[in-house]
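Asker: 301 is the number of the first residue of the sequence shown in our numbering; add one for each residue after it.
Think of the CB as a built atom: it goes at the ideal place given N, C-alpha and C, for glycine as much as any other residue.
Bear in mind the structure is a predicted one, so any value in this text is a computation, not a measurement.
Structure provided below as structure tokens; questions to follow.
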Amino acid sequence: MKKIKNQEKEQENSIILSITNLHKRYNESKSNEVHALRGIDLTVRKGDMMAIMGPSGCGKTTLLNMIGHLDRRSSGDIIIGNVNTLTLSDNQMTSFRRDNIGFIFQLFNLFPFLTAVENVETPLLLKGMNSGLAREQAKMLLRELGMGDRLYHQPSELSGGQQQRVAVGRALINQPAIILGDEPTGDLDSTTSSDVMALFRRINRTNKQTLVLVTHNRWIAEQCDYIVHMRDGKISHSEQGPFNKKEKKQ
Ligand SMILES: Nc1ncnc2c1ncn2[C@@H]1O[C@H](COP(=O)(O)OP(=O)(O)O)[C@@H](O)[C@H]1O
Ligand SMILES: [Mg+2]
301 MKKIKNQEKE QENSIILSIT NLHKRYNESK SNEVHALRGI DLTVRKGDMM
351 AIMGPSGCGK TTLLNMIGHL DRRSSGDIII GNVNTLTLSD NQMTSFRRDN
401 IGFIFQLFNL FPFLTAVENV ETPLLLKGMN SGLAREQAKM LLRELGMGDR
451 LYHQPSELSG GQQQRVAVGR ALINQPAIIL GDEPTGDLDS TTSSDVMALF
501 RRINRTNKQT LVLVTHNRWI AEQCDYIVHM RDGKISHSEQ GPFNKKEKKQ
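This is how it looks when you write it as structure tokens:
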């Protein structure tokens, strides 16, 4: 499956993600059915940095999983770039996801027995890149993330913030058009959180990569361009982040 092309990436204000009337029911048609998403409509432009907030259980993780196609929707359309993902077979979806979407989860999901550099190079090796080149690129990115002196440490030998940087590196190495984070700074102290947010901001601004971050932290959300509020499986309202307003005034 093709990677969303550079010229598509460069179009200003183009829509990268469009969701229409998305529903997700867990345990569908059973007595314990949960209607977790109840008609989500959402449009994200290329290069947007968007926060999703809302009380526990309102469907934030479910929505992120649907955008990332980690789980099946019940109904609705999701268009990424210009691809309606319902038209993709499972195999096509797997490579489409690998090429276009990066994931950063709270629990890091690093491979425990691989070193930092091995964790980061894995997506490139899966894509079939030559191992020498993959190693070089992974090292370069880790150095950029301030992890140049921790290349050969395993996750258990790293602090939470350092592990998160490795997870960020692994999500970014493919230069995915969309990066999804579920509480990506959730376990980090406030200094490390602001470092990670500054890093997100930088890659967002430099590479025009789109970020969608779930957070319960208002301070984190306010560093995004938009904040989308969810309640009971629906979007209740959206607001522009102060960061964005400030930039527009200048
Ligand atoms: N795998 C699952 N099976 C059944 N119900 C689930 C599952 N995952 C989430 N839910 C339910 O769906 C609703 C939304 O959950 P979730 O998306 O995790 O919310 P949030 O991330 O906002 O806390 C909740 O009521 C939750 O209990
Ligand atoms: Mg959640």
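Can a CB atom of chain C be found closer than 8 angstroms to the CB of Asp449?
Answerer: The question asks about chain C, but that chain is absent: this structure has only one protein chain.
Asker: Can you check DSSP and say which residues form a bridge with Lys324?
Answerer: According to DSSP, Lys324 bridges with Leu337.
Asker: Look at the alpha carbon of Tyr326 and the alpha carbon of Arg398, and state the distance between them as a whole number of angstroms.
Answerer: For Tyr326 and Arg398, the distance between alpha carbons rounds to 25 angstroms.
Asker: Check each candidate in Asn382, Thr415, Phe411 and name the one with the smallest Cα separation from Asn400.
Answerer: Asn400 has its Cα closest to that of Asn382, out of Asn382, Thr415, Phe411.
Asker: In angstroms with no decimal places, state the Cα-to-Cα distance between Arg443 and Thr415.
Answerer: Near 14 angstroms, if we compare the C-alpha coordinates of Thr415 and Arg443.
Asker: Any contact of the region 316 to 333 with the region 449 to 465, i.e. 3+ C-beta pairs under 8 angstroms?
Answerer: The answer is no - the region 449 to 465 does not touch the region 316 to 333, with fewer than three Cβ pairs under 8 angstroms.
Asker: Sorry if obvious, but does the Cβ on Lys508 come closer than 7 angstroms to a heavy atom of ligand 2?
Answerer: Checking every heavy atom of ligand 2 against the Cβ of Lys508, none is found closer than 7 angstroms.
Asker: Along the chain, where does the alpha helix (DSSP H) containing Ser395 start, and where does it finish?
Answerer: Looking at the DSSP string, the run of the alpha helix (DSSP H) that includes Ser395 is 390 to 400.
Asker: Taking the C-alpha atoms as reference points, what is the distance between Thr492 and Gly460?
Answerer: Roughly 9 angstroms between the two C-alpha positions.
Asker: Considering only residues of the same chain and omitting the five flanking positions on each side of Lys545, which have a CB-CB separation below 6 angstroms?
Answerer: Residue confidence is low: Lys545 scores 49 on pLDDT, short of 50, so the model does not pin down where it sits. No coordinate-derived value is stated.
Asker: Please tell me whether Leu386 and Val512 are closer than 8 angstroms, where the distance is taken between their beta carbons.
Answerer: No, these two residues do not count as a Cβ contact at 8 angstroms.
Asker: Straight-line CA distance for Pro476 to Arg501?
Answerer: When rounded, the distance between both Cα atoms is 15 angstroms.
Asker: Anyone know if the C-beta pair for Ile352 and Lys346 falls short of 8 angstroms?
Answerer: Not in contact: Ile352 and Lys346 (Cβ atoms no closer than 8 angstroms).
Asker: Please state whether DSSP places Ile473 in a helix, a strand or coil.
Answerer: Ile473: coil per DSSP, three-state reduction.
Asker: Would you identify the three-state DSSP class for Thr387, choosing helix, strand or coil?
Answerer: It is helical.
Asker: With Phe403 and Gly368 assumed to form a contact (beta carbons below 8 angstroms), what rounded beta-carbon distance in angstroms separates them?
Answerer: At roughly 6 angstroms, the Cβ-Cβ gap stays under 8 angstroms, so Phe403 and Gly368 are in contact.
Asker: Bridge partners of Glu539, per DSSP?
Answerer: Answer by DSSP bridge pairing, in chain order: Ile527.
Asker: For Asn382, verify whether its CB is less than 7 angstroms away from any heavy atom of ligand 1.
Answerer: It does not: the Cβ of Asn382 is nowhere closer than 7 angstroms to a heavy atom of ligand 1.
Asker: Counting along the chain, where does the beta strand (DSSP E) carrying Gly376 start and finish?
Answerer: It spans 375 to 380 - the beta strand (DSSP E) in which Gly376 sits, taken as one unbroken run.
Asker: What did DSSP end up calling Ser493 once you bin it into helix, strand or coil?
Answerer: Three-state DSSP puts Ser493 in a helix.
Asker: When the Cα atoms are used, what is the spatial distance from Leu441 to Ile479?
Answerer: Their backbone Cα atoms lie some 16 angstroms apart in a straight line.
Asker: Tell me Ala351's beta-bridge partners as DSSP assigns them.
Answerer: The partner list for Ala351 (beta bridge, DSSP) reads Leu513, Ile527.
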